Amino acid sequence: MSTPTQISQEAGSHSTVAGRTKPGLATRILQVPKWLLSLILPVVVVAVWQYVTVSGIVAPWSLPTPGAVLAAAGELFQGGDLSKHVGISTQRVLLGFAIGSLLGLLFGALVGLSKLADALLSLSIGALRAVPSLAWVPLLVLWMKMGEDSKVTLIIIGAFFPVFTTVSLALRHVDAQLVEAARSFGFKGLNLLRTVQLPAVVPSIFSGLRLALAQAWLFLVAAELLGASMGLGFLLTDSQNNGRLDRLILTIILLAIFGKITDALLSVAERWAIRRWT
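Per the working numbering: the sequence shown = residues 13 to 290.
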């Protein structure tokens, strides 16, 4: 005859087995591929969008249907304008992001590694960082006119500050004991940076780069809203002026898509760098 203690132990073991054989709803959901889970929200948004526009809850002049936006994309694609707008905007973003990030890395490393540079530069750069993006536009137009130089320069400004901030702070907060231990083994200068400090700040560097990339797309729109004849920012303004709400929404969607694509490519580089340096 089983004692109460044995019965309790058997019940506990049965519940444990049952718990193992029947994972919870959240566990089962997490077993679904991540890319598939990430599609749920966009699909729901499009479904709700389709419903409220087709049913008449929202007037067509206020919100076009998804089909109308898709038709606008086909119209621009067939005319060859879509690829031109996307191409010139992507070119501006990548060029401005590359230059701004490189400058941010250089100045961030300088301020993070040198107390003298920190004292000389941090206050001024921090003040410039607080200037809104649109405040730079009139000055750049006066200096460089409404050409490519002014647009790319504005994107460079947007990409510079996130990288500078994250790199300088990360280098400043590298474990001092680790640095001193490396110095006691004869590491100094570039060897110390390459073997100790750089591996410690790689995740922070890529956090800054991803923020800088988002800023580059944001500053692109600010740059192209004024004085551009091509690009996604120009397409936003042109669609507004001509009452083409379908094209306007299409442009917003394209900015989101290409912003995410470039961020995903950068995340691949981030994973490689972390495996390489850490």
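Positions of the beta carbon are idealized from the N, C-alpha and C atoms, including for glycine.
The structure presented is a predicted model; accordingly, all values stated were derived computationally and were not measured.
Check                                                                                                                : Outcome
Cβ pair G170, A121 closer than 8 Å                                                                                   : no
Best match in R222, G255 and V70 for proximity to K272 [C-alpha to C-alpha]                                          : R222
Cβ separation of L266 and L244, assumed to be a contact under 8 Å, to the nearest whole Å                            : 6 Å
DSSP state of S251 mapped onto helix, strand, coil                                                                   : helix
Extent of the continuous alpha helix (DSSP H) run through V70                                                        : First-last for V70: undefined, no H or E at that position.
Through-space distance from P215 to A30, alpha-carbon basis                                                          : Only weak support exists for where A30 lies, its pLDDT of 45 falling under 50; the value from the coordinates is given anyway. Taking the straight line from one Cα to the other gives about 41 Å.
Runs of alpha helix (DSSP H) wholly within the region 122-148 (minimum 4 residues, chain order)                      : 127-141
Three-way DSSP call (helix, strand, coil) for A85 in this model                                                      : helix
Residue environment, W73, which counts as buried when at least 16 other CB atoms sit within 10 Å                     : exposed
Neighbourhood of S95 by C-beta distance below 8 Å, restricted to the same chain and skipping five residues each side : F89
Beta-carbon gap between A289 and L210 smaller than 8 Å                                                               : In the sequence as displayed, the identity of residue 289 is Trp instead of Ala. Yes, the Cβ-Cβ distance between W289 and L210 is below 8 Å.
Stretch pair the region 173-184 + the region 144-156: three plus CB contacts closer than 8 Å                         : no
With 16 other Cβ atoms within 10 Å as the buried cut-off, status of V123                                             : buried
T39 burial status per 10 Å Cβ neighbour count (16 or more: buried)                                                   : exposed
Exposed unless 16 or more other CB atoms sit within 10 angstroms - verdict on K163                                   : buried
Alpha-carbon spacing of F270 relative to I261, whole angstroms                                                       : 14 Å
Option in L107, T77 and A281 with minimal Cα separation from F218                                                    : A281
Distance CB(V66)-CB(I167) smaller than 8 Å                                                                           : no
Span separating the alpha-carbon of F172 from that of F231                                                           : 11 Å
C-alpha gap between V153 and L237, whole angstroms                                                                   : 12 Å
Residue from R259, V175, D275 and H185 with nearest C-alpha to I137                                                  : V175
A240: first and last residue of the uninterrupted alpha helix (DSSP H) it sits in                                    : Unbroken run through A240: none, as it is neither H nor E.
Proximity test, Cβ basis, 8 Å: F218 and chain D                                                                      : Protein chain content of the structure displayed is limited to a single chain, and chain D is not contained in it.
Closest by C-alpha distance to S251, when choosing among S50, A85, G159 and A193                                     : A85
Through-space distance from L247 to I100, alpha-carbon basis                                                         : 12 Å
The alpha helix (DSSP H) enclosing S74, as first and last residue numbers                                            : First-last for S74: undefined, no H or E at that position.
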